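**Q** This is the structure I have questions about; it appears just below.
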Ligand SMILES: [Zn+2]
């Protein structure tokens, strides 16, 4: 399907990747302190409580910062250049690194609203990506 690298799936991330595979982006909310975090972890990063609960992200966010990649890191990404790597501040609070796809480069800007989409890389891996809100 794609020559791009696939993320490792382990016990800690399995539920996350399974949700991505169905088009959902999972965050975690701590039952003890209500902190919302990304990426999936066994403990709350704020208070150390165990087993933060999975919650669905709304899929909305803004670009906190970004860069434009003009030379692919490997041949698997040759067809994508130039492409955007961005830090996305999700509506729920956490920040995640992702790509801005299907959007004109000249319109990508700090503070621009984005929405979740996915890039299918294999039968089991669906990578969260973002596009500018039209
Ligand atoms: Zn907590």
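Numbering (the working numbering), first residue to last: 4 to 137. By construction, the Cβ of each residue, glycine as well, lies at the ideal position given by its N, Cα and C atoms. Nothing here was measured: the structure is a model prediction, and the numbers come from that model.
Please confirm whether any heavy atom of ligand 1 lies closer than 7 Å to the CB of residue 49.
**A** On the chain shown, position 46 is the one that residue 49 refers to. Residue 49 Cβ: within cutoff of ligand 1.
**Q** For residue 77, does the count of other Cβ atoms within 10 angstroms reach 16, so buried, or fall short, so exposed?
**A** Position 74 of the chain shown, counted from the first residue, corresponds to residue 77. Its Cβ having fewer than 16 others within 10 Å, residue 77 is exposed.
**Q** Considering only C-alpha positions, which residue in the set 53, 69, 61 is nearest to residue 113?
**A** Indexing the chain shown from 1 puts residue 113 at position 110. The shortest C-alpha separation from residue 113 is found at 69.
**Q** Compare the Cα-Cα distances from residue 130 to each of 62, 47, 23 and report the closest residue.
**A** Looking up residue 130 in the chain shown gives position 127. For the residues 62, 47, 23, the minimum Cα distance to residue 130 belongs to 23.
**Q** Excluding the 5 residues flanking residue 44 on each side, which residues of the same chain have their C-beta closer than 8 Å to its C-beta?
**A** Against the chain shown, residue 44 aligns to sequence position 41. Within the same chain, residue 44 has close Cβ partners 15, 31, 55.
**Q** Can you give me the C-alpha to C-alpha distance between residue 103 and residue 47, rounded to a whole angstrom?
**A** Within the chain shown, the letter at position 100 stands for residue 103. Within the chain shown, the letter at position 44 stands for residue 47. Each residue's alpha carbon lies about 28 Å from the other.
**Q** Where does the unbroken beta strand (DSSP E) through residue 86 begin, and where does it stop?
**A** In the chain shown, residue 86 corresponds to position 83, counting from 1. Per DSSP, residue 86 belongs to the beta strand (DSSP E) from 86–93.
**Q** Determine the closest residue to residue 87 out of 93, 96, 100, 79, with distance taken between C-alpha atoms.
**A** Looking up residue 87 in the chain shown gives position 84. Here the closest residue by C-alpha is 100.
**Q** By Cβ distance, which residues of its chain are closer than 6 Å to residue 59, with the 5 residues on each side in sequence left out?
**A** Start at 1 with the first residue of the chain shown, and residue 59 comes out as number 56. So the qualifying residues of the chain are 27.
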